[in-house]
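Just so it is clear: in the sequence shown, position 108 is 1474 by my numbering, and no numbers are missing.
Heads up, the beta-carbon is just placed ideally off N, CA and C, and yes, glycines get one too.
To keep things clear, I will list the structure first and then write my remarks on it.
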Amino acid sequence: MEKITISKLWKMKNQGEKITMVTAYDYPTALLADEANIDMILVGDSVGMVVLGYDSPIPVTVDDIIHHTKPVVRGAKSPLIVADMPFMSYLISIEEAKRNASRIIQEGGADAVKLEGGKNVAPIVKSLVDVGIPVQAHIGLMPQRASIEGSYKVQAKNIETAQEILDDALALEKAGAFSIVIEFVTTEAAQIITEKLKIPTIGIGAGPHCDGQVLLSHDLLGYYKTQPPFAKLYTNLNKIILDAFNNYRVDVKSQKYPSKEYSISMDNEERKKLKKI
Ligand code: KIV
């Protein structure tokens, strides 16, 4: 498949073709996402929780994102690769936002960056887009903020909050974002936002009307025992891996593994010489 570009994503929205996006933080996952013709890969700051064992995305650094983006870029040739700007890496000053975003693009090899926020981050989005860095925005539930506030609640449950999120989305589109992730928002609000925007919306827990969907690969693969309520389980890696580890442990303890089949012997001539040792 040829490389997915931003203009291809825009065309997909205009033609009503749904866009697919998954997270990946390593080479083997990136290879498989590419082979499965996934359109976009997100090197999310969710790496903090699902790979690094933190309980929020807050400790994730720009260096962590670059470290995890590099193998994804080596593994995935066709998908458009978006990497998250971690907590506070874009909010201290425009200069710092530009420096960190350009490191993620130049050192990590990402095609675009993603950052969380509404109208408040529109000037930052504009200043990055103005210097040639493509930006995907992220509205609705914003994990960096939610983990500090401690509230993981569905957003836009009434007209007033739906209007606020729509205003945020319009401001981010005007600032030059090429796409917007909408997380954990009511289906109705996500539908209105999708209809009002020219750029593609990518939903996560935001119903079926978004232009595309993103899921954490660890959620759709069932790597952990629990998933968020909106994540459909496409396989159960937790059970598959646990069974394999248990079977391996039993085989080694009972000396079933490694059997002759998995062992390498010297040839006969050499074996005879063993007696001389
Ligand atoms: O970090 C991440 O994986 C994300 C998704 C929740 C969209 O931002």
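Glu1482 burial status per 10 Å Cβ neighbour count (16 or more: buried): For the purposes of this step, residue 1482 is taken as the residue at position 116 of the sequence shown. Classification for Glu1482: buried.
Under 7 angstroms, CB to nearest heavy atom of the ligand KIV: contacting residues: Cβ-based neighbours of the ligand KIV within the cut-off: Thr1389, Leu1408, Gly1410, Asp1411, Ser1412, Pro1423, Asp1450, Lys1480, His1504, Pro1509, Val1547, Glu1549, Ile1570, Val1580 and Leu1582.
Start and end residues, alpha helix (DSSP H) containing Ser1555: Stepping through the sequence shown from its first residue, residue 1555 is reached at position 189. Residue identity differs from the one stated: residue 1555 is Ala in this sequence, not Ser. Residues Thr1553 to Lys1562.
Name the DSSP bridge partner or partners of Lys1480? For the purposes of this step, residue 1480 is identified with residue 114 of the sequence shown, where counting begins at 1. Per the DSSP secondary-structure output, Lys1480 pairs in a beta bridge with Asp1450 and Gln1502.
Looking at the strands, I want to know which residues DSSP matches up with Gln1593. By one-based count along the sequence shown, residue 1593 stands at place 227. Paired residues: none, contrary to the question.
Do you know how far the Cα of Tyr1628 is from the Cα of Ser1444? On the sequence shown, position 78 is the one that residue 1444 refers to. On the sequence shown, position 262 is the one that residue 1628 refers to. Approximately 37 angstroms between the Cα atoms of the pair.
For the pair the stretch 1422-1434 and the stretch 1376-1387, tell me if three or more CB-CB distances fall below 8 angstroms. no
When burial is assigned at 16 or more other CB atoms within 10 Å of the CB, is Gly1474 buried or exposed? Position 108 of the sequence shown holds residue 1474. Buried, since its Cβ has 16 or more Cβ neighbours within 10 Å.
With 16 other Cβ atoms within 10 Å as the buried cut-off, status of Val1438: For the purposes of this step, residue 1438 is identified with residue 72 of the sequence shown, where counting begins at 1. So Val1438 counts as buried.
Could you name the residues that DSSP lists as bridge partners for Gly1578? Stepping through the sequence shown from its first residue, residue 1578 is reached at position 212. Looking at the DSSP assignment, Gly1578 forms a beta bridge with Ile1385 and Ile1568.
Could you have a look at Met1415 and say whether DSSP puts it in helix, strand or coil? Your numbering for residue 1415 matches position 49 in the sequence shown. Three-state result, Met1415: helix.
Are Val1505 and Leu1538 close, meaning C-beta to C-beta below 9 angstroms? The residue labelled residue 1505 in the question sits at position 139 within the sequence shown. The residue labelled residue 1538 in the question sits at position 172 within the sequence shown. It should be pointed out that residue 1505 corresponds to Ile in this sequence rather than to Val. Yes, the pair counts as a contact, with Cβ atoms nearer than the cut-off.
Could you spell out the range, first to last residue, of the beta strand (DSSP E) harbouring Leu1507? Looking up residue 1507 in the sequence shown gives position 141. Segment: none, Leu1507 is in no beta strand (DSSP E) and carries neither H nor E.
Between Ile1404 and Thr1386, is the Cβ-Cβ spacing less than 9 angstroms? Against the sequence shown, residue 1404 aligns to sequence position 38. Against the sequence shown, residue 1386 aligns to sequence position 20. The answer is yes: Cβ separation under 9 angstroms.
From what residue to what residue does the alpha helix (DSSP H) around Ser1493 run? Your numbering for residue 1493 matches position 127 in the sequence shown. First-last of the alpha helix (DSSP H) with Ser1493: Ala1488 to Asp1496.
Are Ile1447 and Asp1421 close, meaning C-beta to C-beta below 9 angstroms? Residue mapping note: residue 1447 aligns to position 81 of the sequence shown, counting from 1. Residue mapping note: residue 1421 aligns to position 55 of the sequence shown, counting from 1. In this structure, Asp1421 does not lie closer than 9 angstroms to Ile1447 by Cβ.
Backbone secondary structure at Ile1460 - three-state DSSP: Looking up residue 1460 in the sequence shown gives position 94. Helix, per DSSP.
DSSP bridge partner residues for Val1547 (one or two, in chain order): Walking along the sequence shown from the start, residue 1547 turns up at place 181. Answer is His1504 and Ile1568.
Which partner residues of Ile1407 appear in the DSSP bridge assignment? Residue mapping note: residue 1407 aligns to position 41 of the sequence shown, counting from 1. Its beta-bridge partners are Val1388 and Ile1447.
With DSSP collapsed to three states, give me the class of Gln1521. The sequence position of residue 1521 within the sequence shown is 155, counting from 1. It is a strand residue.
Sorted by chain position, which residues of the same chain lie with C-beta nearer than 7 angstroms to His1584's C-beta, five sequence neighbours on each side aside? By 1-based counting over the sequence shown, the position of residue 1584 is 218. These residues qualify, in order along the chain: Val1416 and Tyr1590.
Have a look at Val1520 and Leu1507 and give me their C-alpha separation to the nearest angstrom. In the sequence shown, residue 1520 corresponds to position 154, counting from 1. In the sequence shown, residue 1507 corresponds to position 141, counting from 1. The alpha-carbon atoms of Val1520 and Leu1507 are separated by roughly 7 angstroms.
Would you mind stating whether Thr1389 and Gly1410 have Cβ atoms separated by less than 9 angstroms? What you label residue 1389 is simply residue 23 of the sequence shown in a count that begins at 1. What you label residue 1410 is simply residue 44 of the sequence shown in a count that begins at 1. A contact, by the Cβ cut-off of 9 angstroms.
Which residue wins for smallest C-alpha separation from Leu1532, given the options Ile1559, Pro1489 and Ser1468? The residue you call residue 1532 lines up with position 166 of the sequence shown. The option with the nearest alpha carbon to Leu1532 is Ile1559.
Out of Ala1512, Pro1509, Pro1489 and Gln1529, point me to the one whose CA is closest to Val1501's CA. Counting from one through the sequence shown, the residue named residue 1501 turns up at place 135. It is Pro1489 whose Cα lies nearest to the Cα of Val1501.
Give me the Cα-Cα distance between Gln1579 and Glu1461, rounded to the nearest whole angstrom. The count along the sequence shown starts at 1 and reaches residue 1579 at position 213. The count along the sequence shown starts at 1 and reaches residue 1461 at position 95. Their backbone Cα atoms lie some 32 angstroms apart in a straight line.
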